[in-house]
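Q: Take this structure first; my questions come after.
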Amino acid sequence: MKGLKRICSILTTIFISGCASQNIDDVYVENVKPSKGVVWGTMSYSGAYADYQLHFQNMDTEESTFISLSSNVNEHGVFAISLPEGAYRIVGWQVSAPYSSTYKKGKTQQRFVSSKQKLTYIGRVHFEQKAQKTGENPVIFATLAEHFKLDAALFSNSYTLFDQQDRVFKARMQYGEICAGCTERTIVTAAQSR
Numbered sequence: 146m147k148g149l150k151r152i153c154s155i156l157t158t159i160f161i162s163g164c165a166s167q168n169i170d171d172v173y174v175e176n177v178k179p180s181k182g183v184v185w186g187t188m189s190y191s192g193a194y195a196d197y198q199l200h201f202q203n204m205d206t207e208e209s210t211f212i213s214l215s216s217n218v219n220e221h222g223v224f225a226i227s228l229p230e231g232a233y234r235i236v237g238w239q240v241s242a243p244y245s246s247t248y249k250k251g252k253t254q255q256r257f258v259s260s261k262q263k264l265t266y267i268g269r270v271h272f273e274q275k276a277q278k279t280g281e282n283p284v285i286f287a288t289l290a291e292h293f294k295l296d297a298a299l300f301s302n303s304y305t306l307f308d309q310q311d312r313v314f315k316a317r318m319q320y321g322e323i324c325a326g327c328t329e330r331t332i333v334t335a336a337q338s339r
């Protein structure tokens, strides 16, 4: 009987381990090329959108990329993206609802460096929807703030890689509104006809 209980507990442990989400530690070691680094932060929001995005641009190659925060943020609000080594700037943000997208894009002073085999903290991205008058599009702001101590605790609860302090550092970011001088645009799509 004890043997059967032991086998059941071992099988249960294996089953639970198999269902666990993949750790960035494993992804980092196995899939990230040696010339890449990991840029991370946290995300929070007010409002109800289907997708939240943060857009980056490599300052040397001008290649742009983005991270969809809705699908790449874990239960602690932590996001991470692997980027080739180089200097980057945040070039905007976007939020999407079923029939519209609102975005701000342009060159900002919010810059950071992705260093190979390093974890670079850029800050907490917060999306906030301000109250609007009836019939007007909502006013949306995205800000970047430094909450390293709190975010580091969230990150270390999520990923064991954070324990390697020599690989983790804070970017020297300009915090505040993301793309403050950029023009906000909203694209409205018509409802699908049946």
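For the sequence shown, the numbering used here begins at 146 and goes up steadily by one.
Idealized CB from N, CA, C, for every residue including glycine.
Here the structure is a predicted model, which is why all the values come from computation and not from measurement.
Looking at the structure shown, is Asn219 part of a helix, part of a strand, or coil, going by DSSP?
A: DSSP places Asn219 in coil when its eight states are reduced to three.
Q: What three-state label does DSSP hand Lys263 in the structure shown?
A: coil
Q: From Ser216 to Val236, what does the alpha carbon distance come to, in whole angstroms?
A: Taking the straight line from one Cα to the other gives about 20 Å.
Q: Please report the Cβ distance between Gly251 and Cys324, rounded to the nearest whole angstrom; I am assuming they are in contact, meaning their Cβ atoms lie under 8 Å.
A: Distance from Gly251 to Cys324 at the Cβ level is roughly 6 Å; contact confirmed, criterion being Cβ atoms closer than 8 Å.
Q: Write down the C-beta distance between Asp296 and Tyr266 rounded to the nearest angstrom, noting that I regard them as a contact closer than 8 Å.
A: 7 Å
Q: Which whole-angstrom value describes the C-beta separation of His221 and Phe211, a residue pair presumed to lie in contact below a C-beta threshold of 8 Å?
A: Contact flag wrong, Cβ pair sits at about 21 Å.
Q: Which residues bound the alpha helix (DSSP H) around Ser245?
A: It is not in any alpha helix (DSSP H) - Ser245 instead sits in the beta strand (DSSP E) that spans Ser245 to Lys250.
Q: Check Ala298 in the structure and name its three-state DSSP category.
A: For Ala298, the three-state secondary structure derived from DSSP is helix.
Q: From Ser189 to Asn302, what does the alpha carbon distance come to, in whole angstroms?
A: 17 Å
Q: In chain order, what residues of the same chain lie with their CB nearer than 7 Å to the CB of Gln277, ignoring the 5 residues before and after it?
A: If we look at Gln277 and ignore the five residues flanking it on each side, its Cβ neighbours are Pro283 and Val284.
Q: Just verifying my parser: in three-state terms, what is the DSSP assignment at Glu281?
A: In the structure shown, the three-state DSSP call for Glu281 is coil.
Q: For Val258, which option in Ala298, Ser227 and Thr331 has the closest C-alpha, if you only look at C-alpha atoms?
A: Of Ala298, Ser227 and Thr331, the residue nearest in Cα terms is Ser227.
Q: Between the alpha carbons of Val174 and Gly182, how many angstroms are there, rounded?
A: Residue placement at Val174 is flagged as unreliable, the pLDDT there being 38, under the threshold of 50; a coordinate-derived value is accordingly withheld.
Q: Got a sec? Which residues, its chain only, sit under 6 Å from Val218 by beta carbon, not counting five neighbours each side?
A: Excluding residues within five positions, the ones whose Cβ falls inside 6 Å are Met188 and Phe224.
Q: To the nearest angstrom, how far is it from the Cα of Thr331 to the Cα of Glu208?
A: 24 Å
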